[in-house]
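*Asks:* Once you've had a glance at the structure underneath, I'll fire off some questions.
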Amino acid sequence: MPIDATLPYDDSNIFARILRGELPCRKVFEDEFALAFHDINPQAPVHVLVIPKGRYVSWADFTATASDAEIAGFVRAIGTVAADLGLVAPGYRLLANVGQHGHQEVPHLHVHLFGGRQFGAMLPR
Ligand code: AMP
10 MPIDATLPYD DSNIFARILR GELPCRKVFE DEFALAFHDI NPQAPVHVLV
60 IPKGRYVSWA DFTATASDAE IAGFVRAIGT VAADLGLVAP GYRLLANVGQ
110 HGHQEVPHLH VHLFGGRQFG AMLPR
């Protein structure tokens, strides 16, 4: 079920639990600002989730309240992960689902990074 991205941050969400080390993940990158790990239900040969370490539900929340360092760190992590995975030359796709219409299921801001095949046109019509 998609979540309401205007709700307050819920510390029991699955990505919060991964960040606290209560649940395992297949980590690909971590620094002060971000964590990246393989999606548990991959939809492409490469399917990685990049999340900020802070308690943010949506892009509105993140961009309104995160520090410049957190925003830069998160965005930089996405580029670093794509490069580390060898995806810059072949290309890749980034996707961020937000709220009901975006069909966001986990209420912690995240970006999907897909790679390893041709993804075709942007959205199904
Ligand atoms: P979204 O619809 O953008 O909120 O997508 C949430 C994503 O999180 C889905 O692609 C799930 O497969 C993924 N996911 C859920 N639980 C886990 C988990 N424990 N470890 C890794 N990925 C997960």
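Numbering-wise, the sequence shown is residues 10 to 134 according to the numbering used here. Positions of the beta carbon are idealized from the N, C-alpha and C atoms, including for glycine. Only a predicted model underlies this, so the values are computations on that prediction, with no experimental measurement involved.
(1) Per the contact definition of three or more C-beta pairs closer than 8 Å, is the stretch 94 to 104 in contact with the stretch 63 to 73?
(2) From the DSSP output, in three-state form, read off G63 for me.
(3) Just the Cα atoms here: how many angstroms apart are H110 and P116?
(4) If contacts are defined as beta-carbon pairs under 8 Å, then A43 and G108 qualify, I think. What distance do you get, rounded to the angstrom?
(5) Nearest CA to the CA of P51: which residue from Y65, I60, R35?
(6) Taking the alpha carbon of P61 as the point to measure from, which residue in I49, A78, P54 has its own alpha carbon closest?
(7) May I ask you to check if the CB of P54 is nearer than 8 Å to at least one heavy atom of the ligand AMP?
(8) Quick one: Cα of A53 to Cα of V84, how far?
(9) If we call anything under 9 Å between Cβ atoms a contact, is G124 one with A91?
*Replies:* According to the structure shown:
(1) no
(2) In the structure shown, G63 sits in coil (DSSP, three-state: anything other than H, G, I, E or B).
(3) 14 Å
(4) About 21 Å separates the two Cβ atoms, so there is no contact after all.
(5) Of the listed residues, the one whose Cα sits closest to P51 is R35.
(6) A78
(7) no
(8) 22 Å
(9) yes
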